[in-house]
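Trainee:
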Amino acid sequence: METLTLQDLQFFLPEVILITFAFVVLFISNKNKSSLLPFHLAMGALLGALIFTITQLGSEAILNFGTVEINTFSLLLKIVFIIFSIITVWGSKDFAISISFGKEYYGLILFATVGLTMLGSAGDLITLFIAFELTSISTYALPLIDRSNERGREAALKYFLNGAFATGLVLFGLSLVYGLTGTVLLKEIVPIIAEIGYEPMIVVALAFLVAGFGYKMAIVPFHLWAPDVYEGSPTPVTSFLAGVTKKGAFVVSLKILLATLIVIKIQVSILLGTLAILTMTVGNVVALMQKNTKRMLAYSSIAHAGNILVGLAIITELSVAGSILHIIAHGLMTIGIFFGILYVSKIRGGYDLGDFIGLRWVAPWTAFGLLIILLSLAGVPPFIGFWGKMVIVVSAFELGNWYMFLALALVLNSALSLVYYARVIRVMYMDNKGVEFNMATKQNTVIETREITAATKEIGKLRTSSYNIALYVCVLLITVTGLFPEQLVAISREAARFIIPW
Amino acid sequence: METQYITIGILFLGAMAFALAAMILSRILQPHRPYPEKLETYECGMETQGPTWVQFRVSYFLYALIFLIFDVEAIFLIPWVVKFKELGLPALIAMFMFLIILIIGFIYDWKEGALDWE
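Protein sequences appear in the order of chains Z and V.
Residues in the first sequence are numbered from 362 upward in steps of one, following the working numbering.
Residues in the second sequence are numbered from 6 upward in steps of one, following the working numbering.
#1: Going along chain Z, which residues have a C-beta under 9 Å from I109(V)?
#2: Quick check on this structure: which residue in E465(Z), S435(Z), V429(Z) and T433(Z) has the alpha carbon closest to the alpha carbon of K394(Z)?
#3: Look at the alpha carbon of A664(Z) and the alpha carbon of W85(V), and state the distance between them as a whole number of angstroms.
#4: Could you check whether the Cβ of F766(Z) sits closer than 7 Å to any heavy atom belonging to the ligand GTP?
#5: Is F859(Z) closer than 8 Å to T433(Z) when the C-beta atoms are compared?
#6: Reducing DSSP to helix, strand and coil, say where D308(Z) ends up.
#7: Judging by CA-CA distance, which residue of A659(Z), I627(Z) and G667(Z) is the nearest neighbour of T642(Z)?
#8: Between which two residues does the alpha helix (DSSP H) harbouring L658(Z) extend?
#9: Beta-carbon separation of I753(Z) and G683(Z) under 8 Å?
#10: Looking at M578(Z): is its Cβ nearer than 8 Å to the Cβ of K607(Z)?
#11: Any C-beta of chain V sitting closer than 8 Å to the C-beta of P561(Z)?
#12: Under 8 Å, do A410(Z) and L370(Z) count as touching if we go by C-beta distance?
#13: How many angstroms separate the CA atom of L104(V) from the CA atom of E78(V)?
#14: Do you know offhand how far G654(Z)'s Cα is from E42(V)'s?
#15: Is any beta-carbon of chain Z found at less than 8 Å from that of Y10(V)?
#16: Roughly how many angstroms lie between the CA atoms of Q54(V) and R62(V), to the nearest whole one?
#17: Going along chain Z in order, which residues have a C-beta closer than 9 Å to the C-beta of Y68(V)?
#18: Please report the residue range of the beta strand (DSSP E) in which V429(Z) lies.
#19: Quick check on this structure: which residue in F521(Z), L480(Z), G644(Z) and K626(Z) has the alpha carbon closest to the alpha carbon of I580(Z)?
#20: What separation, rounded to the nearest whole angstrom, lies between the Cα atoms of T381(Z) and L503(Z)?
#21: Determine whether the beta carbon atoms of T449(Z) and S661(Z) lie at a separation below 8 Å.
#22: Would V429(Z) pass as a contact of A483(Z) if the rule is Cβ separation under 8 Å?
#23: Across which residues does DSSP place D485(Z) in a beta bridge pair?
#24: Less than 8 Å between the C-beta atoms of N510(Z) and P595(Z), yes or no?
#25: Which residues in the same chain as G481(Z) place their Cβ atom closer than 7 Å to its Cβ, once the five residues preceding and following it in sequence are excluded?
#26: Can you tell me whether M694(Z) is buried or exposed, with buried defined as 16 or more other CB within 10 angstroms of its CB?
#27: Quick one: grab the DSSP three-state call for I423(Z).
#28: If you measure from the beta carbon of Y113(V) to each beta carbon in chain Z, is any gap under 8 Å?
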């Protein structure tokens, strides 16, 4: 551990590129609203950052007095988050042109991405907190980025107030950890806590940390803001919030909880396990009752947070690898499906289940893409959504004991979730006459068919819409990683080895 | 070690009991004779005039936010100035990076018209 040398600065190149371009994007002239310049700059910055991060693969370093660590875990997450942002930015091309704050939208996404890339590599509590807050504060304004969207106000306010409150809880928990150990470096906290042994203060600190991160991760007793925010925000923003920034909260909790819970591992395991079962069950059961697909997916996203939490609760190398894998999988699936339903709402006028009726005949490729993502979300084998759950379940079976119960809950919940995912699939592929929801009269059928023909004219223009592109990119990644998962599982396991402190 | 927490716990319970006792006792002991004047909102002894939900212009908040940025900047600058000689070049570079980022933000606000009062 020593001060920064010029040679070490190359590790910060991706972040420097992103920050510089974020500022440049903000200073583009406002005159030409439909200009694609902000889009090209943002994409260029993200691609540049991605390339420089990939060239760093395999290197290991501890920089700047241990506050920044470069290893497989941090590089994997950097690449994953940058790819997520690329897909989101690519998909929001049409959205950003239509709003008055287009360049601010890209600027905020770039700043949030800088925070996310720093999360994985942060080696001390303060860097971790600053990176996390950079992400949060950048995204607070996003739900209201489209001023014409009335519901965005409620979403933005709810997101901001809940987020600020959660930040307070996290900060208080972190200050207790610091007060107990006298250091902010994660590497030093682990041996000191192991030496101190059990101490009531750790329980208090962990309670604050779990509650604070619980808000950010939308885990069940703390999830109430999530459906309203996800439903009220413009859909590209929802896909960024649910698919990308929420995953950041999981990464932070992985790092901090794993470092602090060493003494009371079993108790924390039981606590997180209970929360995970609660989260999965409540998320899935409430999602079952939703008629609006956007709200349904918001609850499904809560349920998936529970799946990821199961891996955190088991706390072995394999289970943490499973969590990382599911973080990646769920990010891809969420981004893809939200852009998919956004496209459907553009051609059919809304997000209700009724708007998906006969989608197969209207937009066959979009329907096919949605089909694959829905199957992947439910955890059907050949896709990436299956492998994350699979690795978590296997790790539970390795330990046996009451962890089997966690695995059972995970599997049962996957089966439960298939009910509402399959409902969308059925509506898309089976019903072409509009016979959903007690409307099985002939008159309703006629109205529905006429709407389809009227909408079909518009589709020609929209077919190459950026929303579709984002959907296809996600479908491609989900299928490819699902068919050849060995590489990704191996790299997740190696990453997990780096953050487990024992 | 445990005893310290017990002290805090007793203090916590004591504080709760005190607050609750004050509320319950006053509820039991107080005479309850309300009339319209008594139930009015108390506002400096004057009668309430006009709607109480006053809205402020959002521009005030923008100014307050920009002021806050410079406030925080000053808080960071003062300790750095006091220890300027000991900290040396690295702190100078770090402080200038910090200032540049803040100033870029300020120029952005200026350019977007946050300082125009209409």
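Idealized CB from N, CA, C, for every residue including glycine.
Please read these numbers as outputs of a predicted model, since none were measured by experiment.
Mentor: By the coordinates alone:
#1: Position 104 of the second sequence holds residue 109(V). For I109(V), the chain Z residues whose C-beta falls within less than 9 Å of its own C-beta are F384, L387 and F388, listed in chain order.
#2: Here residue 394(Z) refers to the residue found at position 33 when the first sequence is read from its first residue. The option with the nearest alpha carbon to K394(Z) is E465(Z).
#3: Counting from one through the first sequence, the residue named residue 664(Z) turns up at place 303. Counting from one through the second sequence, the residue named residue 85(V) turns up at place 80. Straight-line measurement puts the Cα of W85(V) at about 48 Å from the Cα of A664(Z).
#4: Of the ligands one can find in the structure shown there are none, so the ligand GTP has no counterpart to examine.
#5: As a first step, residue 433(Z) must be located in the first sequence, where it is residue number 72. As a first step, residue 859(Z) must be located in the first sequence, where it is residue number 498. Their beta carbons are under 8 Å apart, which means T433(Z) touches F859(Z) by this criterion.
#6: The structure shown does not extend to residue 308(Z), since chain Z is modelled only from 362 through 863, so no value can be given for it.
#7: Along the first sequence, read from residue 1 onward, the residue named residue 642(Z) stands at position 281. Here the closest residue by C-alpha is G667(Z).
#8: Translated into positions along the first sequence, residue 658(Z) becomes position 297. Residues T654 to I675.
#9: Within the first sequence, numbered from 1, the residue matching residue 753(Z) stands at position 392. Within the first sequence, numbered from 1, the residue matching residue 683(Z) stands at position 322. Against a cut-off of 8 Å, the Cβ pair of G683(Z) and I753(Z) comes out as a contact.
#10: By 1-based counting over the first sequence, the position of residue 578(Z) is 217. By 1-based counting over the first sequence, the position of residue 607(Z) is 246. Yes, these two residues count as a Cβ contact at 8 Å.
#11: Counted from its first residue, the first sequence places residue 561(Z) at position 200. Yes, P561(Z) counts as interfacial toward chain V.
#12: Your numbering for residue 410(Z) matches position 49 in the first sequence. Your numbering for residue 370(Z) matches position 9 in the first sequence. The Cβ-Cβ distance between A410(Z) and L370(Z) does not fall below 8 Å.
#13: Position 99 of the second sequence holds residue 104(V). Position 73 of the second sequence holds residue 78(V). Their Cα atoms are separated by approximately 8 Å.
#14: The residue labelled residue 654(Z) in the question sits at position 293 within the first sequence. The residue labelled residue 42(V) in the question sits at position 37 within the second sequence. Looking at the sequence provided, one finds Thr at residue 654(Z) rather than Gly. Going by the C-alpha atoms only, they are around 53 Å apart.
#15: As a first step, residue 10(V) must be located in the second sequence, where it is residue number 5. For Y10(V), the answer is yes, since a Cβ of chain Z falls inside 8 Å of its Cβ.
#16: For the purposes of this step, residue 54(V) is taken as residue 49 along the second sequence, with counting starting at 1. For the purposes of this step, residue 62(V) is taken as residue 57 along the second sequence, with counting starting at 1. Taking the straight line joining both Cα atoms gives about 21 Å.
#17: For the purposes of this step, residue 68(V) is identified with residue 63 of the second sequence, where counting begins at 1. Result: empty, since nearest Cβ-Cβ is about 18 Å, beyond 9 Å.
#18: Working through the first sequence from its first residue, we reach residue 429(Z) at position 68. Looking at the DSSP string, the run of the beta strand (DSSP E) that includes V429(Z) is V429 to I431.
#19: In the first sequence, counting from the first residue as 1, residue 580(Z) sits at position 219. Nearest of F521(Z), L480(Z), G644(Z) and K626(Z) to I580(Z), Cα basis: G644(Z).
#20: Position 20 of the first sequence, counted from the first residue, corresponds to residue 381(Z). Position 142 of the first sequence, counted from the first residue, corresponds to residue 503(Z). C-alpha of T381(Z) to C-alpha of L503(Z): approximately 20 Å in a straight line.
#21: Taking the first residue of the first sequence as 1, we reach residue 449(Z) at position 88. Taking the first residue of the first sequence as 1, we reach residue 661(Z) at position 300. No. Outside cutoff.
#22: One-based indexing of the first sequence puts residue 429(Z) at position 68. One-based indexing of the first sequence puts residue 483(Z) at position 122. Yes. Within cutoff.
#23: Position 124 of the first sequence holds residue 485(Z). L546(Z), per the DSSP bridge assignment.
#24: By one-based count along the first sequence, residue 510(Z) stands at place 149. By one-based count along the first sequence, residue 595(Z) stands at place 234. Contact flag set, yes.
#25: Within the first sequence, the letter at position 120 stands for residue 481(Z). So the qualifying residues of the chain are F434, S435, L438, K439 and V612.
#26: Residue numbering aside, residue 694(Z) sits at position 333 when the first sequence is read from its first letter. It is buried - the Cβ of M694(Z) has at least 16 other Cβ atoms within 10 Å.
#27: Taking the first residue of the first sequence as 1, we reach residue 423(Z) at position 62. Correct three-state label for I423(Z): strand.
#28: As a working mapping, residue 113(V) is identified with position 108 in the second sequence. Closer than 8 Å: yes.
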